[in-house]
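*Asks:* Using the numbering used here, the first residue of the sequence shown is number 2, and each one after it goes up by one. Idealized CB from N, CA, C, for every residue including glycine. What follows is a single structure, and I will ask about it in a moment.
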Amino acid sequence: MTNRILLLGLLLGGASINAQNINETNAAGKTKQKVGINTTIPTRTLTIKNSTADKGKPVLRLVDAPIYSKNVGSAMDADLGGNTATSTNYLDYRPLMVDAVGDVYKGLPINNMSILTLTIDKVNGDYIRKFDTGIDYNKYAVAIMSYTFKMPAPASGGIVMLRGGSNTPSVAHGGNKYGVTTAPATVLLTQNGSNWGIYADYPNIGSYEFTSGSTDIGQLVDGTWVITLLVGKRDAVNFTELNFNQGGSAEGIGNSNTTYATQLQNFLKKLE
Numbered sequence: 002m003t004n005r006i007l008l009l010g011l012l013l014g015g016a017s018i019n020a021q022n023i024n025e026t027n028a029a030g031k032t033k034q035k036v037g038i039n040t041t042i043p044t045r046t047l048t049i050k051n052s053t054a055d056k057g058k059p060v061l062r063l064v065d066a067p068i069y070s071k072n073v074g075s076a077m078d079a080d081l082g083g084n085t086a087t088s089t090n091y092l093d094y095r096p097l098m099v100d101a102v103g104d105v106y107k108g109l110p111i112n113n114m115s116i117l118t119l120t121i122d123k124v125n126g127d128y129i130r131k132f133d134t135g136i137d138y139n140k141y142a143v144a145i146m147s148y149t150f151k152m153p154a155p156a157s158g159g160i161v162m163l164r165g166g167s168n169t170p171s172v173a174h175g176g177n178k179y180g181v182t183t184a185p186a187t188v189l190l191t192q193n194g195s196n197w198g199i200y201a202d203y204p205n206i207g208s209y210e211f212t213s214g215s216t217d218i219g220q221l222v223d224g225t226w227v228i229t230l231l232v233g234k235r236d237a238v239n240f241t242e243l244n245f246n247q248g249g250s251a252e253g254i255g256n257s258n259t260t261y262a263t264q265l266q267n268f269l270k271k272l273e
């Protein structure tokens with residue numbers, strides 16, 4: 002049996018940036034229209050260098066800065082960049098990103114990871130062979146947070162329940178036979194063309210409606226899946242898939258496999 006593990010590591014504040022060292026000798030001739038604090042070689046429009054006395058302490062402090070939500074109905078007029086709206090649009094607010102050199106960038110919106118709940122009605126019994134979410138597979142990362150299968154309300158005097166198919170095995174107990182009707186739900190994210198897809202099923206089981214007290218096999222009825230997804234920009238997420246073959250054993254140690262261990266360490270390093 003092969004276990005497939007999907008790892009989503011959220012990098013708060015946006016994507017990571019590979020930084021390069023600054024050559025101050027060459028930078029000294031490129032200081033035009035740049036301002037420096039505690040440095041004679043500003044390398045950006047504004048460069049702040051920490052002083053020896055404050056080594057290890059933050060280089061910037063904002064005093065009496067408003068909380069971001071208070072920018073609604075800002076005292077700053079629109080010409081000066083104030084938000085004169087009467088409600089908060091969280092797309093207006095982005096965290097700052099700082100790379101290894103110290104360069105500051107505008108990050109992705111603070112709501113760059115969002116929760117999407119899909120309600121898929123009238124499926125074939127309990128079975129979704131393929132559902133195209135419409136979410137671009139290459140642009141977005143998606144993870145399943147939760148899922149629930151709901152059966153329809155029965156008619157008066159009826160019962161709706163999951164039961165095994167006609168070819169499922171039975172077990173003998175006390176001279177009677179009982180159908181095996183227990184199976185965990187299988188809900189998977191798939192790639193459906195260029196989009197994310199969903200597969201959902203209770204294997205060899207279906208949702209049926211019976212008349213109370215009847216021995217009839219019942220009628221297949223269409224149920225509803227409610228699936229909650231976590232969705233974010235793929236370039237803002239550490240997105241890795243690992244595979245580990247447990248060889249039929251009930252226990253496994255991922256790092257015992259060299260490929261698994263190497264890929265896992267590469268994944269974890271991106272979180273540092």
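#1: On the DSSP bridge assignment, give the partners of I38 in chain order.
#2: Is it a yes or a no for the segment 186-196 touching the segment 244-260, going by three-plus beta-carbon pairs under 8 Å?
#3: How far does the alpha helix (DSSP H) with L265 in it reach, from first residue to last?
#4: In angstroms with no decimal places, state the Cα-to-Cα distance between W226 and D122.
#5: Within 10 angstroms of the Cβ of S157, are there 16 or more other Cβ atoms? Answer buried if so, exposed if not.
#6: Can we say the segment 213-227 touches the segment 147-154, given the rule of at least three CB pairs closer than 8 Å?
#7: Between the segment 197-213 and the segment 100-107, can you find at least three pairs of beta-carbon atoms closer than 8 Å?
#8: Between the alpha carbons of D236 and S213, how many angstroms are there, rounded?
#9: Measure the alpha-carbon distance for D127 versus Y200 and round it to whole angstroms.
#10: May I ask you to report which of helix, strand or coil DSSP gives A28?
#11: Which whole-angstrom value is the C-beta distance of L265 and G255, which I expect to be below 8 Å?
#12: For L230, is the classification buried or exposed, using 16 other Cβ atoms within 10 angstroms of its Cβ as the cut-off for buried?
#13: Reducing DSSP to helix, strand and coil, say where G255 ends up.
#14: Report buried or exposed for G233, applying the criterion of at least 16 other Cβ atoms within 10 angstroms of its Cβ.
#15: What residues match up with Q192 in a beta bridge as DSSP calls it?
#16: Can you tell me whether T44 is buried or exposed? The criterion is at least 16 other CB atoms within 10 Å of its CB, across all chains shown.
#17: Under the DSSP definition of a beta bridge, which residues are partnered with L163?
#18: Can you give me the start and stop residues for the beta strand (DSSP E) that V227 sits inside?
*Replies:* Quick look at the numbers:
#1: To locate residue 38, count along the sequence shown from 1; it is residue 37. The partner list for I38 (beta bridge, DSSP) reads I49.
#2: No contact exists between the segment 186-196 and the segment 244-260.
#3: The residue given as residue 265 occupies position 264 in the sequence shown. Its alpha helix (DSSP H) spans residues T259 to K270.
#4: The sequence position of residue 226 within the sequence shown is 225, counting from 1. The sequence position of residue 122 within the sequence shown is 121, counting from 1. Computed Cα separation, rounded: 7 Å.
#5: Here the question's residue 157 lines up with position 156 in the sequence shown. Result: exposed.
#6: Contact check between the segment 213-227 and the segment 147-154: three or more CB pairs, one atom from each, fall below 8 Å, which counts as touching.
#7: They do not touch, by the three-pair rule.
#8: As a position in the sequence shown, residue 236 is number 235, starting the count at 1. As a position in the sequence shown, residue 213 is number 212, starting the count at 1. Taking the straight line from one Cα to the other gives about 54 Å.
#9: Mapped onto the sequence shown, residue 127 falls at position 126. Mapped onto the sequence shown, residue 200 falls at position 199. When the Cα atoms are used, D127 and Y200 turn out to be separated by approximately 11 Å.
#10: Here residue 28 corresponds to residue number 27 of the sequence shown, with the count starting at 1. Shown here, A28 sits in a helix according to DSSP, grouped into three states.
#11: Here residue 265 is taken as the residue at index 264 of the sequence shown, counted from 1. Here residue 255 is taken as the residue at index 254 of the sequence shown, counted from 1. Confirmed, about 7 Å.
#12: Stepping through the sequence shown from its first residue, residue 230 is reached at position 229. Flag for L230 reads buried.
#13: Working through the sequence shown from its first residue, we reach residue 255 at position 254. The answer is helix: DSSP assigns G255 an H, G or I state.
#14: Taking the first residue of the sequence shown as position 1, residue 233 is located at position 232. Classification of G233: buried, given that the 10 Å Cβ count is 16 or more.
#15: Within the sequence shown, numbered from 1, the residue matching residue 192 stands at position 191. DSSP lists W197 as partners of Q192.
#16: For this step, residue 44 is matched to residue 43 along the sequence shown. When all chains shown are included, T44 counts as buried.
#17: The residue labelled residue 163 in the question sits at position 162 within the sequence shown. S208.
#18: Residue 227 sits at position 226 when you count from the first residue of the sequence shown. T225 to K234 is the span of the beta strand (DSSP E), which, as asked, contains V227.
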